[in-house]
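Below is one structure; the comments refer to it alone.
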Amino acid sequence: MEHTPITAGTGAATEQQNQNMHGYYRLHAKIYDATRWTFLFGRKEIITRMGIDPQAKLTLLEVGCGTGYNLKRLAGAFPNLSLIGVDVSADMLQQAEKNMAAFPNKVQLIEKPYAPHSFNLEQKPDVILISYALTMFNPGWEDAIAKAAEDLPVGGKIAVVDFHYSRSKFFRWWMGKNHVRMEAHLMPVLENTFKPVYKSIRKAYGGVWEYCLFVGEKV
Ligand SMILES: C[S@@+](CC[C@H](N)C(=O)[O-])C[C@H]1O[C@@H](n2cnc3c(N)ncnc32)[C@H](O)[C@@H]1O
7 MEHTPITAGT GAATEQQNQN MHGYYRLHAK IYDATRWTFL FGRKEIITRM
57 GIDPQAKLTL LEVGCGTGYN LKRLAGAFPN LSLIGVDVSA DMLQQAEKNM
107 AAFPNKVQLI EKPYAPHSFN LEQKPDVILI SYALTMFNPG WEDAIAKAAE
157 DLPVGGKIAV VDFHYSRSKF FRWWMGKNHV RMEAHLMPVL ENTFKPVYKS
207 IRKAYGGVWE YCLFVGEKV
């Protein structure tokens, strides 16, 4: 796994975002897998919604792969998939290495922010998965969507699952304290950048918040 210092992503605000993620996940990385299943809904479903042929020899990049929760599931379900995980947090990637131990040489983990000019991929992905990460790229989510559009070939797919919105001002404030922006801001930009293949907005806990699923194609 590459362990290079974080220099990419221009501007003080972006650098601050990177550092915020380091600090936050230094504390959360070890308890992440034990706790997040209670509220990060739709992660299993987005994998089926991508519509990948189980035997296809494709490259999938997960942006903000964290502890490798999705990568591990993908490695098990799609034996011919080459996997790349990018994340800004070294602590999360350490957990990902542990989670992927049963699948040696199956995944390349890169410690970098996913931002324009941050790094170049040796192997361009056919599919990009972004699961509960974009709402934490503040600033940087629009640039990350633009980079995904650049990294994909025509016909390539992007699959996103993330928080969408909450009517509760308090809840949005609380999520903001946890670095999550929940203002229904992702879907319009995703729909403008990619040709929608599947999109859905779902209620969590009877409507305390909503989360969204989006699969799109680069045209
Ligand atoms: C809520 S976790 C999601 C992890 C995983 N995708 C999942 O579904 O469990 C968000 C992840 O995004 C990463 N992240 C935040 N900002 C990033 C950036 N600019 N570039 C790459 N990864 C970033 C964090 O370090 C964290 O691991």
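Residue numbers (the numbering used here): 7 to 225. Yeah, the Cβ is synthetic: ideal placement off N, Cα and C, and Gly gets one too. A quick note: this is a predicted structure, and the numbers were derived from the prediction, not measured.
Go ahead and label residue 97 buried or exposed: buried means 16 or more other beta carbons lie within 10 angstroms of its beta carbon, across all protein chains shown.
-> buried
Taking 8 Å as the threshold, find out whether the region 129-136 comes into contact with the region 159-179 through three or more Cβ pairs.
-> yes
Please state whether DSSP places residue 128 in a helix, a strand or coil.
-> coil
Inspect the CB distances between the region 42-55 and the region 99-116 and report whether three or more fall short of 8 Å.
-> no
Which residues mark the beginning and the end of the alpha helix (DSSP H) in which residue 2 is found?
-> Residue numbering for the chain in the displayed model covers 7 to 225; residue 2 lies beyond these limits and cannot be assessed.
Which residue's Cα is closest to the Cα of residue 64: 84, 77 and 74?
-> 84
Taking buried to mean at least 16 other C-beta atoms within 10 Å of its own C-beta, is residue 104 buried or exposed?
-> exposed
What residue from 183, 152, 187 and 217 has the CA that sits closest to residue 224's CA?
-> 152
DSSP-derived helix/strand/coil call for residue 40 = helix
Residue 141 (DSSP reduced to helix, strand or coil) = helix
When the Cα atoms are used, what is the spatial distance from residue 86 to residue 108?
-> 15 Å
Do the region 66-80 and the region 168-184 meet, that is, are 3 or more Cβ pairs less than 8 Å apart?
-> no
Count the other CB atoms, across all protein chains shown, that sit within 10 Å of the CB of residue 58; report buried if there are 16 or more and exposed otherwise.
-> buried
How would you label residue 20, buried or exposed, when you count the other beta carbons within 10 angstroms and need 16 or more for buried?
-> buried
Per-residue DSSP class, three states only, for residue 24 = helix
Rounded straight-line distance, which links the Cα of residue 191 to that of residue 212 | 21 Å
Best match in 26, 62, 123 and 201 for proximity to residue 95 [C-alpha to C-alpha] = 26
Report yes if the C-beta of residue 142 is less than 7 Å from at least one heavy atom of ligand 1; otherwise report no.
-> yes
Reducing DSSP to helix, strand and coil, say where residue 153 ends up.
-> helix
Kindly examine ligand 1 and report whether one of its heavy atoms sits closer than 7 Å to the Cβ of residue 122.
-> no
Enumerated in chain order, which unbroken segments of the beta strand (DSSP E) with a length of 3 residues or greater are wholly contained in the region 30-81?
-> 65-69
Cβ of residue 42 versus every heavy atom of ligand 1: is any distance shorter than 7 Å?
-> yes
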